[in-house]
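> Protein chains in written order, with this note's numbering: chain W, 40 to 272; chain U, 40 to 272; chain L, 40 to 272; chain F, 40 to 272.
Positions of the beta carbon are idealized from the N, C-alpha and C atoms, including for glycine.
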């Protein structure tokens with residue numbers, strides 16, 4: 040199997056597993072991956088149910104978002120995925136869902152504060168919210184601008200340390216070194232959103248101390264990480 | 040298989056799938072469909088458990104709600120379904136459930152505000168609440184009046200753009216071009232109710248900007264829709 | 040199979056199904072049934088996991104709560120079940136769980152208000168709370184007094200129209216004409232507690248109009264009921 | 040099979056069952072057990088998915104936390120487990136999870152008040168919160184100090200009567216006479232946290248009367264316990 044065939048399989052499998060992880064309702068979510076030479080993106084076809092997906096139904100687009108392989112239309116969110124791959128050169132996969140709790144924060148247009156070590160294990164600070172689009176941006180190129188406002192929001196942020204974002208009035212996007220890593224970040228994002236939501240309901244939230252935040256992030260992701268087994272990341 | 044036999048199967052299957060979608064407890068929900076010539080309605084029998092349903096157990100009624108086929112009593116909500124088919128000539132299926140979050144808004148007698156694009160993808164504005172019935176209406180014809188207050192509420196609304204409603208102190212009804220489309224709208228309605236509920240808990244909700252609401256609804260349902268694959272709707 | 044063997048099977052099956060209905064954690068729940076001549080009660084053994092239950096493991100006690108058949112100890116809540124069977128002569132089954140939402144209201148020592156027709160279909164008014172026990176009552180006969188305060192609370196209530204109660208600081212009990220009917224009332228009680236909890240979070244709850252409450256209860260349980268299929272109750 | 044092989048199996052099985060009990064997301068949880076002579080601790084390997092676990096993949100460490108058997112790295116939380124075994128000589132198993140509701144209280148840095156008998160059946164009082172670590176403690180030995188602040192918090196508490204704790208800004212730890220008993224306490228802790236969270240949302244919580252708290256704890260755990268079947272504990 041070629042590296043590209045494996046990518047198709049990984050993207051297909053990540054999309055199919057969205058359902059079991061409780062991240063999607065109907066067809067509200069999609070995962071993509073980029074080829075090692077970064078000239079081809081594999082993405083879910085639009086509006087197709089997850090259980091019907093097979094690797095050969097995945098759609099292949101180039102870095103202008105044009106379909107280069109596949110009989111079906113790609114996800115309507117393709118232009119947003121493409122924008123992220125162009126701006127964040129270190130990422131290999133992108134996941135977009137309307138998972139309930141992350142979407143509640145996106146709809147409330149509130150960042151998710153870092154209230155605990157679960158959060159710190161995955162995001163090195165609050166999960167940020169991108170600014171709302173203007174009417175002109177929506178009119179001109181809705182999905183493209185959805186990507187551009189994320190990139191704008193990350194002007195002073197490291198996408199490797201903060202592997203996700205909330206689109207105001209919309210829902211989350213997450214990413215990672217591979218399609219399955221972007222999916223794991225989507226799972227973590229939903230779990231920390233849910234726990235932050237319930238913590239806020241208890242009143243008077245205390246932000247996690249910066250030195251514990253740093254400790255947890257580094258023991259898992261730093262140069263001297265000791266979480267998990269030895270491996271290339 | 041005739042078109043009518045396929046309708047029986049689709050109605051049966053939609054009813055059976057209510058359980059897996061988490062929309063019903065005990066036997067609190069029912070789906071119906073109308074024949075292409077709009078003279079026969081196929082609906083769930085009353086009080087029968089979902090897993091026991093088969094296509095031939097479905098009850099067939101005419102547009103006066105009289106049973107014309109089937110050994111069992113139709114759903115107690117049949118008169119409400121009939122009223123909707125008579126008033127909304129473009130719909131092909133109706134779903135009624137007591138799904139938890141939509142029912143919370145129905146019990147609170149509050150419309151579900153449009154707070155995000157998930158909502159806009161399915162409803163072109165808030166999910167409306169029909170007015171409560173009077174004592175005289177309940178006494179005279181409870182289920183019929185439940186339909187009439189919905190129709191009254193839609194005097195200035197398009198049932199294709201707003202494919203569902205909340206009955207005050209009761210629960211939601213949704214509809215669509217087919218029984219399975221009405222079921223998908225019931226699934227979407229519950230998901231957006233849940234996310235609105237959790238967004239309101241975060242305080243100070245921001246209604247979705249009208250130009251994004253319109254954009255999302257049109258990219259999915261408009262004349263130049265580009266969500267999903269090419270198909271007749 | 041004798042009527043008593045069928046009762047053992049029904050009680051065993053109702054206990055086993057508590058898990059699938061999401062009503063129990065660990066072994067926090069039990070269902071019982073009484074023989075037609077009302078001299079023998081079949082109940083779950085204490086502390087045994089649900090999946091290990093078989094009809095012959097059920098414990099049989101008399102109306103003084105003494106074990107008359109079975110190798111295992113009966114549920115610690117047996118004395119409460121017995122008290123209910125002695126006081127409410129029309130009931131055939133009792134279910135006790137610590138289902139989450141009903142228990143939240145029990146812990147808050149708040150009755151569950153009737154906010155919608157789902158509630159009215161099962162309870163002809165609010166779900167009442169029994170008064171807390173005194174230290175002397177706990178010391179003298181904890182489980183017996185748990186039954187007596189329920190009976191005290193029902194001095195002016197009809198247990199057929201209000202088939203359940205909340206014990207202050209504890210959890211719900213429900214009952215019905217049979218063990219499986221008491222289980223269905225436990226399922227309904229948990230669902231209406233959950234929806235009431237979420238409705239109260241939306242603020243300013245509106246009690247269901249008495250004429251709709253009466254209508255819904257009567258169309259399902261009255262002399263001229265038309266919900267479900269013809270049958271003896 | 041030797042006692043030590045059975046311990047490996049029990050620890051493996053307890054770790055694997057975390058998923059089905061809804062206590063873990065991704066790999067956020069671990070169970071350990073100690074040998075009868077208290078010189079060897081069996082614990083989950085770090086970052087390995089639960090479904091891939093087998094008894095021989097479990098890691099064995101000594102009471103200084105050094106690996107004495109196994110090819111994989113032990114859980115990053117091993118030093119905390121070790122500290123608990125050294126301080127609490129009566130415990131045989133420890134479970135650590137980031138279960139949602141217990142973690143919400145941990146993040147809010149609020150103890151879980153005893154609001155009902157479900158709580159009293161498992162914890163003889165509020166579930167306590169250990170104090171936050173200082174920057175110096177995090178720097179010096181993060182996981183070791185996580186154990187020491189628990190022990191500090193239990194200076195005047197009996198770990199047998201209060202078999203769990205919340206780490207401020209982190210998550211819960213629970214323990215028991217065996218690995219599976221520590222898991223049951225983790226399940227109970229999550230359930231009582233969820234019910235306390237929902238009870239607090241209803242306002243004006245009433246702490247359980249001390250005489251009922253004592254009664255429930257004693258009927259299950261006291262010298263004259265009558266919950267469950269006769270057995271050695």
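Using a Cβ-Cβ cutoff of less than 7 Å, which residues in the same chain neighbour residue 88 (chain F) once the five nearest sequence positions on both sides are dropped?
If we look at residue 88 (chain F) and ignore the five residues flanking it on each side, its Cβ neighbours are 66.
> Anything in chain F within Cβ reach of residue 174 (chain L), meaning under 8 Å, just list it in chain order.
The answer, in chain order, is 248, 250.
> How is residue 195 (chain W) classed by DSSP in three states: helix, strand or coil?
Residue 195 (chain W) falls in the coil class under three-state DSSP.
> Looking only at its own chain, which residues have a Cβ that is under 6 Å from the Cβ of residue 112 (chain W), when we skip the five neighbours before and after it?
Here the set comprises 85.
> Just tell me which of F:42, F:83, F:61, F:168 has its CA closest to the CA of residue 52 (chain F).
Of the listed residues, the one whose Cα sits closest to residue 52 (chain F) is F:83.
> Measure the CB-CB distance between residue 231 (chain F) and residue 60 (chain F) and report whether it falls below 8 Å.
In this structure, residue 60 (chain F) does not lie closer than 8 Å to residue 231 (chain F) by Cβ.
> To the nearest angstrom, report how far apart residue 70 (chain F) and residue 50 (chain F) are at their CA atoms.
About 6 Å.
> Select from L:90, L:44, L:251, L:80 the residue whose C-alpha is nearest the C-alpha of residue 64 (chain L).
Measuring from the Cα of residue 64 (chain L), the nearest candidate turns out to be L:90.
> Within the continuous alpha helix (DSSP H) that includes residue 244 (chain L), where are the two ends?
Residue 244 (chain L) -> no alpha helix (DSSP H), and no H or E assigned at all.
> I want to check one thing, is the minimum distance from the CB of residue 78 (chain L) to the heavy atoms of the ligand GTP below 7 Å?
The model depicted lacks the ligand GTP and carries no ligand whatsoever.
> Leaving aside the five residues before and after residue 138 (chain U) along the sequence, list all residues of the same chain whose C-beta is less than 8 Å from its C-beta, in chain order.
If we look at residue 138 (chain U) and ignore the five residues flanking it on each side, its Cβ neighbours are 61, 62, 63, 68, 210, 211, 225, 228, 229, 232.
> Return no unless some Cβ of chain L is closer than 8 Å to the Cβ of residue 59 (chain F).
No, no contact with chain L.
> With 8 Å set as the bound, which would you pick, yes or no: does the beta-carbon of residue 171 (chain L) sit closer than that to a beta-carbon of chain F?
Yes - at least one Cβ of chain F is within 8 Å of the one on residue 171 (chain L).
> Report buried or exposed for residue 202 (chain U), applying the criterion of at least 16 other Cβ atoms within 10 angstroms of its Cβ.
Burial call: buried.
> If you draw a straight line from the alpha carbon of residue 155 (chain F) to that of residue 156 (chain W), how long is it in whole angstroms?
For residue 155 (chain F) and residue 156 (chain W), the distance between alpha carbons rounds to 29 Å.
> Kindly list, in the order they appear in chain W, the residues whose Cβ is closer than 8 Å to that of residue 233 (chain U).
Per Cβ cutoff of 8 Å: 139.
> One question on the structure: do residue 165 (chain W) and residue 192 (chain W) come within less than 8 Å of each other, judged by their Cβ atoms?
Cβ atoms of residue 165 (chain W) and residue 192 (chain W): not closer than 8 Å.
> Of all Cβ atoms in chain B, is any one closer than 8 Å to the Cβ of residue 163 (chain U)?
Among the protein chains in the structure shown, which are W, U, L and F, there is no chain B.
> Do you know offhand how far residue 140 (chain L)'s Cα is from residue 207 (chain L)'s?
C-alpha separation (whole angstroms): 14 Å.
> Between which two residues does the beta strand (DSSP E) containing residue 213 (chain F) stretch?
Note, residue 213 (chain F): beta strand (DSSP E), 211-215.
> Quick one: what does DSSP say residue 113 (chain L) is sitting in, helix, strand or coil?
Correct three-state label for residue 113 (chain L): strand.
> Tell me which residue opens and which closes the alpha helix (DSSP H) that residue 157 (chain L) is part of.
Residues 156-159.
> Round the Cβ separation of residue 169 (chain W) and residue 189 (chain W) to the nearest angstrom and send it over; I've been treating them as touching at under 8 Å.
Correct: roughly 5 Å between the Cβ atoms.
> Here's the rule: buried if 16 or more other CB atoms are within 10 angstroms of the residue's CB, otherwise exposed. What is residue 134 (chain F)?
The residue in question, residue 134 (chain F), is buried, as its Cβ has 16 or more Cβ neighbours within 10 Å.
> To the nearest angstrom, how far is it from the Cα of residue 267 (chain W) to the Cα of residue 148 (chain F)?
Looking at the two C-alpha atoms, the distance is approximately 28 Å.
> Could you check whether the Cβ of residue 245 (chain L) sits closer than 8 Å to any Cβ belonging to chain U?
Cβ-Cβ to chain U under 8 Å: yes for residue 245 (chain L).
> Report the neighbours of residue 223 (chain L) on chain U: residues whose CB is nearer than 9 Å to its CB, in chain order.
Under the 9 Å cutoff, chain U gives 65.
> Just mark residue 177 (chain L) as buried or exposed, buried being the case when its beta carbon has 16 or more other beta carbons within 10 Å.
Per the 10 Å Cβ criterion, buried.
> Going along the chain, which residues of its own chain have a beta-carbon closer than 8 Å to the beta-carbon of residue 56 (chain W), five neighbours each way excluded?
Counting only Cβ-Cβ distances below 8 Å, and skipping sequence neighbours, we find 222.
> Tell me which same chain residues have a C-beta within less than 6 Å of the C-beta of residue 97 (chain W), skipping the five on either side of it?
Same-chain partners within the cutoff: 47, 50, 51, 81.
> What three-state label does DSSP hand residue 56 (chain U) in the structure shown?
DSSP places residue 56 (chain U) in helix when its eight states are reduced to three.
> So which residues of chain F does residue 268 (chain W) contact, with C-beta pairs closer than 8 Å?
The answer, in chain order, is 84, 85, 86, 87, 111, 112.
> To which residues does DSSP link residue 135 (chain F) through a beta bridge?
BP columns for residue 135 (chain F) point to F:69, F:212.
> So if DSSP puts residue 206 (chain F) in a beta bridge, which residue, or which two residues, is it bridged to?
F:169.
> Could you give the C-beta distance for residue 182 (chain U) and residue 253 (chain U), rounded to a whole number, given that I count them as a contact under 8 Å?
Contact flag wrong, Cβ pair sits at about 36 Å.
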